[in-house]
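Protein chains in written order, with full-length UniProt numbering: chain A, 1 to 383; chain B, 1 to 311.
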Amino acid sequence: MGSTDVLGRTEGGDLRLVGLTKRFGAFTAVDNLDLTIPQGSFFALLGASGCGKTTTLRMVSGLEDPTAGQIFLGDQDVTDAKPYRRPVNTVFQNYALFPHLDIFENVAFGLRRRGFKSVKPQVEAMLELVELGHLAKRKPTQLSGGQQQRIALARALINEPQVLLLDEPLGALDLKLRRQMQIELKRIQTEVGLTFVHVTHDQEEAMTMADTIAVMNHGRIEQLGSPAELYENPATTFVANFLGQSNLIPGTVETSTDDVVTVSAHGRKLTLDAKRCRSVSGKVILGVRPEKVQLAVSEADVPSGFNALGGTVSDASFIGVSTQYLVKLPSGQEISVFEQNTGRAIQRPGTEVFVYWDPSQGFGLDGSQDIGAGAALDEEGAA
Amino acid sequence: MSSTALLDKSDPPAAGAPPEDRKPRRNFTPWVLLLPGLLWLILFFLVPILTSVSASVQTGNFDDGFKLTWHWANYVDAVKPYWRQYLHSGIFSVATTVLCLALGYPVAYFIAFKGGKWKSLLMALVIVPSFTSFLIRTIAWKTILADNGFVVRILNDLYILKITSKLGITVGTHVLASPGAVVCGMVYNFLPFMILPLYTSLEKIDPRLLEAGNDLYCGTFQTWRRITLPLSMPGVIGGTLLTFIPAIGDYINAQLLGNANTGVVGQSIENLFLRKTDGYPVGSAMSVIMMVGTLVLVMMYIRKAGTEDLI
């Protein structure tokens with residue numbers, strides 16, 4: 001790989017984690033992690049608290065030493081490099097702005113430590129990028145949470161790191177500001193073109209911003225892919241429940257061809273696209289997203305070829321943009337349905353209905369897993 | 001205090017009651033609460049200071065009594081023969097403060113950042129010696145620094161006392177009865193006053209700030225220099241003041257661990273008060289000089305240190 005500058009930065013450097021492991025006593029926080037993060041991508045590590053995502057980030061920044069494994073930046077092994085010798089900067093969860101320095105000096109900090117003689121133009125340009133040039137003389141405590149967040153970003157970005165690490169950077173902001181900063185972060189990432197590694201427990205945040213998401217659970221990567229891939233084709237019940245909501249219906253495979261898998265569940269035959277099935281024999285879990293499911297008052301209204309299950313509306317909440325139903329099947333399982341507000345009449349609780357969906361919109365998972373994995377965690381994270 | 005309670009309970013404003021029914025009433029509660037403190041300050045602070053200042057311009061002796069004659073020449077008598085004592089007080093207290101800072105900072109830093117679950121215990125160990133009388137602790141140093149003790153023997157074996165005696169810190173092959181012994185005793189006695197405020201301000205520092213420094217190209221020393229030190233400045237200022245102010249007035253250490261050439265102002269004042277029949281006015285004048293001098297020094301120091309900039 002090309003030339004190396006003072007900080008050991010090389011051209012074309014992907015971030016590669018090889019067999020990365022971190023144990024705290026008997027607890028394994030990160031378990032034999034292999035991961036390649038392409039240069040220039042916006043990468044999200046998504047998981048509930050305690051899944052090892054922050055520990056992974058801290059190992060990349062050098063603030064935590066791995067128990068085993070290696071970290072490469074491009075072709076350079078930085079596993080044992082001190083944090084201040086890595087071309088990596090972090091936006092800390094609580095911002096960690098230096099309270100004794102004003103905003104200008106906070107942003108200039110990294111450049112000054114690296115012996116830059118003139119820092120003014122860079123700092124001013126950076127403050128302009130985060131649109132806070134007018135606050136240069138203030139102290140961090142005089143800024144709002146959102147402003148502090150941007151300064152923390154500017155303070156890290158000004159060093160033009162090979163990889164920028166963001167540790168739950170929006171966690172402390174209120175919902176509206178978080179939305180705004182998500183768009184802002186994405187804009188800045190596109191503008192500067194650096195690799196961003198973003199750690200979050202908020203699946204919506206990860207989906208909004210990242211090109212690629214790695215869902216972490218118990219120190220391992222559960223699934224890796226683009227937001228759409230993860231959402232449409234979750235590999236495990238954990239991903240299906242953690243990333244959005246899923247209706248997961250346990251069943252048994254009756255027949256399977258190259259194209260179609262037929263599953264018997266709740267006394268009915270349901271079909272699945274074979275390409276979206278992780279398991280094609282024995283016990284399986286059939287999944288379908290609530291917004292893909294529709295309601296019909298009688299079975300005659302169900303389009304032919306669609307999967308249908310009969311039940312009773314047990315709850316209907318009108319959200320405005322949609323109506324969210326819970327339909328209780330005779331077996332007791334409840335199916336969640338999000339019906340877009342197209343002017344159709346709202347079904348009252350107690351009404352007998354049929355839920356139906358296009359077989360191509362379902363996905364099949366291995367039936368040996370815990371069907372509730374990740375569901376409670378998501379609620380915890382969203383709270 | 002019962003009157004306070006009564007004042008508070010008297011007629012709560014009844015809802016809808018016509019306002020003209022209520023007499024405007026002054027609230028005496030704050031004044032009642034302030035009274036004990038105010039009395040204390042007047043009796044034990046203001047009166048003694050005024051007495052000292054007035055005594056410093058009086059003339060007379062114990063037999064004939066003292067008269068307020070506005071004899072300002074007392075101040076000349078309080079400075080001229082005693083310049084050595086002022087010098088010693090100054091040197092000893094500054095040396096003590098500097099040494100306490102040099103010794104106390106690492107201790108406070110260690111406890112604050114590496115103490116973990118032992119923090120409280122370690123801080124208790126710093127404070128516990130203070131439970132023994134100041135006098136007894138100082139006398140204990142006579143044993144520690146005794147000529148036949150192991151400290152002096154080791155220092156002699158390493159020829160360290162040869163060097164320190166040349167520098168005038170110790171005398172010959174002895175440590176006791178030397179300026180060095182006085183400063184040893186003072187550092188020992190005042191060290192907790194340095195460590196406590198330092199620990200408080202260091203302990204408040206968010207360790208994540210140090211990680212941020214580490215992340216932004218600071219090694220261990222630069223992180224300390226650029227982040228820890230500036231953030232611990234309130235503790236440094238508090239600690240140096242808490243050490244310097246009592247140290248400049250201390251004379252027990254000089255008396256017990258010093259010699260005839262280590263006299264400090266406190267000793268002279270004591271002599272004037274207790275061993276001379278007409279020493280009161282000059283002794284008072286010396287006290288006033290010390291108080292005003294310390295006040296001016298402290299004010300200059302605080303202004304120079306620019307505390308308003310330290311968060």
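Just so it is clear, CB atoms sit at the ideal spot from N, CA and C, and this is done for glycine as well. Note that the coordinates shown come from a computational prediction; the quantities given were computed from them, not determined experimentally.
Going by DSSP, which residues form a beta bridge with residue i?
i: T36(A); result: R16(A)
i: residue 394(A); result: Missing from the structure shown is residue 394(A); chain A here goes from 1 to 383 and no further.
i: W357(A); result: N307(A)
i: N253(B); result: BP columns for N253(B) are empty, so no partner.
i: A68(A); result: T21(A)
i: V171(B); result: H174(B)
Please decide whether residue i counts as near chain B, where near means a Cβ-Cβ distance under 9 Å.
i: residue 388(A); result: For residue 388(A) there is no data in the structure shown, the boundaries of chain A being 1 and 383.
i: P83(A); result: yes
i: G110(A); result: yes
i: R113(A); result: yes
i: A96(A); result: yes
i: R155(A); result: yes
i: H198(A); result: no
i: P99(A); result: yes
i: V192(A); result: no
i: T90(A); result: yes
i: N247(A); result: no
i: N159(A); result: yes
Between the C-alpha atoms of residue i and residue j, what's the straight-line distance to the nearest angstrom?
i: V130(A); j: G238(B); result: 39 Å
i: R225(B); j: L46(B); result: 43 Å
i: N259(B); j: N253(B); result: 10 Å
i: F363(A); j: R276(A); result: 5 Å
i: L135(A); j: L173(A); result: 19 Å
i: L176(B); j: F190(B); result: 19 Å
i: G69(A); j: I221(A); result: 15 Å
i: T164(B); j: T170(B); result: 6 Å
i: E270(B); j: M290(B); result: 14 Å
i: F43(A); j: F193(B); result: 51 Å
i: S3(B); j: R25(B); result: Any reading at S3(B) must be qualified, since the residue scores a pLDDT of 42, below 50, and its modelled position is unreliable; the value itself is stated next. Cα to Cα, S3(B) sits roughly 15 Å from R25(B).
i: K276(B); j: S89(B); result: 22 Å
i: R303(B); j: L297(B); result: 10 Å
i: L143(A); j: N233(A); result: 43 Å
i: A14(B); j: N27(B); result: Unreliable placement is indicated for A14(B), whose pLDDT of 47 sits below 50; no coordinate value is reported for it.
i: W141(B); j: L202(B); result: 30 Å
i: R58(A); j: F92(A); result: 10 Å
i: I249(A); j: L209(B); result: 49 Å
Verify the CB distance criterion: does residue i have a CB-CB separation below 9 Å to chain A?
i: Y105(B); result: no
i: L231(B); result: yes
i: L209(B); result: yes
i: C100(B); result: no
i: R226(B); result: yes
i: L216(B); result: yes
i: A212(B); result: yes
i: G219(B); result: yes
i: D206(B); result: yes
i: Q255(B); result: no
i: Q58(B); result: no
i: Q267(B); result: no
i: Q222(B); result: yes
Looking at residue i and the ligand COA, is the gap between the Cβ and the nearest heavy atom below 8 Å?
i: Q294(A); result: With respect to small molecules bound, the structure shown includes none, and the ligand COA cannot be examined in it.
For this session: Examine the Cβ distances between the region 194 to 203 of chain A and the region 36 to 50 of chain A and report whether three or more of them are shorter than 8 Å.
Result: A contact exists between the region 194 to 203 of chain A and the region 36 to 50 of chain A.
For this session: Could you name each continuous beta strand (DSSP E) segment of 3 residues or more that falls completely within the region 284 to 331 of chain A, going from the start of the chain to the end?
Result: Those beta strand (DSSP E) runs which fall completely within the region 284 to 331 of chain A and span 3+ residues are 294 to 296, 307 to 318 and 322 to 328.
For this session: Write down every uninterrupted run of the alpha helix (DSSP H) in the region 127 to 189 of chain A whose length is 4 residues or greater and which is fully enclosed by it, in chain order.
Result: Complete alpha helix (DSSP H) runs here, min 4: 145 to 157.
Problem set entry | Length at least 3, wholly inside the region 197 to 269 of chain A: the beta strand (DSSP E) runs in chain order | Counting only runs of 3 or more, we get 212 to 217, 220 to 225, 247 to 256 and 260 to 265.
Exercise. Between the region 364 to 371 of chain A and the region 313 to 325 of chain A, do at least 3 Cβ pairs fall closer than 8 Å?
Worked result: The region 364 to 371 of chain A makes no contact with the region 313 to 325 of chain A; the number of CB pairs closer than 8 Å stays below 3.
Exercise. Which parts of the region 82 to 134 of chain B are runs of the alpha helix (DSSP H), unbroken and 4 residues or longer, counting only runs that do not cross its ends?
Worked result: For the region 82 to 134 of chain B, whole alpha helix (DSSP H) runs of length 4 or above, ordered along the chain, are 83 to 114 and 119 to 127.
For this session: Please list the segments of the alpha helix (DSSP H) lying wholly inside the region 137 to 162 of chain B, counting only runs of 4 or more residues, in order along the chain.
Result: Taking only runs of at least 4 residues, the alpha helix (DSSP H) segments lying wholly in the region 137 to 162 of chain B are 150 to 157.
Problem set entry | the region 285 to 299 of chain A touching the region 353 to 361 of chain A, judged by at least three CB pairs closer than 8 Å | Touching, per the Cβ criterion.
Exercise. Are there three or more Cβ pairs, one per stretch, closer than 8 Å when the region 108 to 122 of chain B is compared with the region 278 to 290 of chain B?
Worked result: The region 108 to 122 of chain B, when compared against the region 278 to 290 of chain B, does not touch it at the 8 Å Cβ threshold.
Exercise. Residue ranges of each alpha helix (DSSP H) run of no fewer than 4 residues wholly in the region 266 to 306 of chain B, ordered along the chain?
Worked result: Here the runs fully enclosed are 280 to 305.
Problem set entry | Cβ contact (3+ pairs, closer than 8 Å) linking the region 259 to 275 of chain A and the region 325 to 335 of chain A | Cβ pair count under 8 Å is three or more, so yes.
Exercise. Counting Cβ pairs, one atom from each stretch, are 3 or more of them under 8 Å apart for the region 214 to 232 of chain B and the region 47 to 60 of chain B?
Worked result: Segments in contact, no.
For this session: Identify every run of the alpha helix (DSSP H) within the region 166 to 226 of chain B, keeping only runs that are complete inside it and at least 4 residues long; order them along the chain.
Result: For secondary structure counted as the alpha helix (DSSP H) over 4 or more consecutive residues, the region 166 to 226 of chain B holds these complete runs in sequence order: 179 to 203, 207 to 215 and 220 to 223.
For this session: Count the CB pairs spanning the region 178 to 185 of chain A and the region 17 to 33 of chain A that are closer than 8 Å, and state whether there are at least three.
Result: The region 178 to 185 of chain A makes no contact with the region 17 to 33 of chain A: fewer than 3 CB pairs, one atom from each, lie closer than 8 Å.
Exercise. Does the region 242 to 249 of chain B touch the region 90 to 101 of chain B, meaning 3 or more C-beta pairs lie closer than 8 Å?
Worked result: Output reads yes: the region 242 to 249 of chain B touches the region 90 to 101 of chain B.
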